[in-house]
Amino acid sequence: MPKTGSSSIQQTFCGLVSNEQFHYLELGESGNHSVLIYSLFSKDPASYHAHVKANRSAVEISKFNGVNFGELKKAMQGVRSENVIISGEDIMFLDANELLELKKFLFEYVSSIQVIAYIRPPISFMQSAFQQNVKEGDLRFGISEYRPQYRNWFEKFDSVFGRENVLLVKFDPASLFGGDVVSDFSSRVGVIVEPQNYIRTNESITLEAVAMLYVFHRLCPERTESSNTYKNNQILIAALSKIGTRKLKFSSTLSRTILGTISADVKWMELRLGVGLTESLPDSDGSISSEEDLIAIALECSDDLIRLISEKIRLQLVTPQAMADWIRLLRNQLSIDPIFSKKQIERLESTSIQPSDMLKELVLSLSRVGYHKAAGNIQAKLAPLLQAGFCAPTISTGCEANLQGSIDVCIDRSIMGWALDNNRPSNKLAIEISQAQRIIASGIADQFRQDLADAGVGDGFCAFVLKADIDPAEGDAPLVLRVIEFKKEFQVRLRNGLKLE
Numbered sequence: 000m001p002k003t004g005s006s007s008i009q010q011t012f013c014g015l016v017s018n019e020q021f022h023y024l025e026l027g028e029s030g031n032h033s034v035l036i037y038s039l040f041s042k043d044p045a046s047y048h049a050h051v052k053a054n055r056s057a058v059e060i061s062k063f064n065g066v067n068f069g070e071l072k073k074a075m076q077g078v079r080s081e082n083v084i085i086s087g088e089d090i091m092f093l094d095a096n097e098l099l100e101l102k103k104f105l106f107e108y109v110s111s112i113q114v115i116a117y118i119r120p121p122i123s124f125m126q127s128a129f130q131q132n133v134k135e136g137d138l139r140f141g142i143s144e145y146r147p148q149y150r151n152w153f154e155k156f157d158s159v160f161g162r163e164n165v166l167l168v169k170f171d172p173a174s175l176f177g178g179d180v181v182s183d184f185s186s187r188v189g190v191i192v193e194p195q196n197y198i199r200t201n202e203s204i205t206l207e208a209v210a211m212l213y214v215f216h217r218l219c220p221e222r223t224e225s226s227n228t229y230k231n232n233q234i235l236i237a238a239l240s241k242i243g244t245r246k247l248k249f250s251s252t253l254s255r256t257i258l259g260t261i262s263a264d265v266k267w268m269e270l271r272l273g274v275g276l277t278e279s280l281p282d283s284d285g286s287i288s289s290e291e292d293l294i295a296i297a298l299e300c301s302d303d304l305i306r307l308i309s310e311k312i313r314l315q316l317v318t319p320q321a322m323a324d325w326i327r328l329l330r331n332q333l334s335i336d337p338i339f340s341k342k343q344i345e346r347l348e349s350t351s352i353q354p355s356d357m358l359k360e361l362v363l364s365l366s367r368v369g370y371h372k373a374a375g376n377i378q379a380k381l382a383p384l385l386q387a388g389f390c391a392p393t394i395s396t397g398c399e400a401n402l403q404g405s406i407d408v409c410i411d412r413s414i415m416g417w418a419l420d421n422n423r424p425s426n427k428l429a430i431e432i433s434q435a436q437r438i439i440a441s442g443i444a445d446q447f448r449q450d451l452a453d454a455g456v457g458d459g460f461c462a463f464v465l466k467a468d469i470d471p472a473e474g475d476a477p478l479v480l481r482v483i484e485f486k487k488e489f490q491v492r493l494r495n496g497l498k499l500e
């Protein structure tokens, strides 16, 4: 089972010299056989996460399996020891029929099979799984994403290999031989491993590091994969792990909610193990219940992060380029007119954004910070190409417009209304809403409202629902709705009705 020290077992045994008693199958440097076994015996290897992440095509997967099946057979044929060990957490994700195919293959080379699996209690497992996903940049806070599926994962092993050949062991350092999983596994397979040969890997990190990594991956996701992406991520994790001392813990409220949804599954595993999986669930400093809790903890670490960055900068060789990079960083921090707002970046990152809207965002942003000539040049050169090549609506920053608009509702920071150019109803307008000269919301009026369509207001796709940074009702200043493309502004006071004048 994942998150039970299996990586430490794999790397420790992979580095040991085979003898008459045992041989650890040599397939890859890490010692983890998950990818090879799952890919070879799954009916649908294309959906396997390792292939998806590597962006392998069907042809590449077929080639991968062809080469590795040959390597697996060669490795099994070369075993001269009494016992051969295969280890991979993802083997538990094979279904019963796929496991049966694996069993048939193995029995071509062995006379018996013993399955050993370590079972981690549910909350402890979920905390560790969540932490691992954050380290890898996979951000899913929903508890359903991490719940163990004990019966689904392990009952099939009993039916395929026979219950008498399947040993399930509770992952609990207090009850494991030697107090750790490497010692316990070694004792169960009859292999003597000297303590100096133990390899501890994939260790947990501090709560503070988890929180900062969560914020980093949430707001600055990796744009491209490179050969150094994994290595650079490990360096970052090691650096951030120096901050803080607390351990990631779910709050007792969140934990009880989780347990209530999986009680039957936990009961099944307890009966199968013969021991309970009850965990102590006391709240501690920093126990988390939500994404907001993690973000708050990350923000508490700002001073530590600044010190860490300062230390790294001081260790750098001062060159003209390094100096320029530092000044650029300072300028970006001091800038009051960023070219793209955070919300614009979110829109540009959306997979559903249309080419015309991407061009619109670029033109508007350049205009907003004063690059009017550049904006006009891009508009003049690219808009006709988009119209010809994509049948996209034109973007008319310099043409006469007949504008209408309305702010209809403002409740709990949600501002709803519409904006339309009657001369070009298919041209969706980019808008900003400000109060007291502060922009509190921005977006594009391109959402559909049936009442607008029924009233003949364009095609109905001219509405907006924007979340304001502050509650407009708390201020006395009027709201200003600005149609950015035409530098046209409307004002409205909330208490005098919401229709724009």
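All residue numbers for the sequence shown refer to numbering that gives the first Met the number 0, where the first residue is 0 and numbers rise by one. Ideal placement from N, C-alpha and C gives every residue a C-beta, glycine not left out.
- When C-alpha distances from D445 are compared across A418, K266, S433 and S309, the shortest belongs to A418.
- Using a Cβ-Cβ distance cut-off of 8 Å, the region 197 to 211 and the region 242 to 262 are in contact, since at least three pairs of beta carbons, one from each stretch, lie closer than that value.
- The beta carbons of F170 and T3 sit closer together than 7 Å.
- DSSP, reduced to helix, strand and coil, places I261 outside both helices and strands of the structure shown, so it counts as coil.
- The DSSP-derived three-state label of I242 is coil.
- Between the region 9 to 17 and the region 195 to 202 there are three or more C-beta pairs closer than 8 Å, enough to call the two in contact.
- Residue environment for G30: buried (at least 16 other C-beta atoms within 10 angstroms of its C-beta).
- For R150 against M125, the beta-carbon gap comes to about 17 Å, at or over 8 Å, which does not count as contact.
- Within the same chain, and ignoring the five residues on either side of L175 in sequence, the residues whose Cβ sits closer than 6 Å to its Cβ are D183.
- The alpha carbon of Q436 has as its nearest neighbour, out of D356, E59, L478 and Y37, the alpha carbon of L478.
- The Cβ atoms of A57 and V34 lie no closer than 7 Å to each other.
- Excluding residues up to 5 positions away in sequence, S38, P44, A45 and H50 lie with their Cβ nearer than 8 Å to the Cβ of I60 in the same chain.
- Looking at the DSSP output, Y23 sits in a beta bridge with I84.
- Cα atoms of R271 and S240: separation of roughly 37 Å, rounded to the nearest angstrom.
- The C-beta of N426 has 16 or more other C-beta atoms within 10 Å across all chains shown, which makes the residue buried.
- Restricting attention to beta strand (DSSP E) runs no shorter than 3 residues, the region 155 to 207 encloses them at 165 to 169, ordered along the chain.
- For I257, same chain residues with a beta-carbon under 8 Å away, outside a window of 5 residues either side, are P121, I122, M125, I142, R146 and F249 in chain order.
- Under the DSSP assignment, I118 falls in the beta strand (DSSP E) whose first and last residues are V114 to I118.
- Taken in chain order, the complete beta strand (DSSP E) segments of 3 residues or longer contained in the region 398 to 428 are 402 to 410 and 413 to 420.
- Counting other Cβ atoms within 10 Å of its Cβ, P471 reaches 16 or more and is therefore classed as buried.
- When DSSP states are grouped into helix, strand and coil, V464 belongs to the strand group.
- The region 280 to 293 and the region 318 to 326 do not touch, with fewer than 3 CB-CB distances between them shorter than 8 Å.
- Rounded to the nearest whole angstrom, the C-alpha separation of L314 and L166 is 52 Å.
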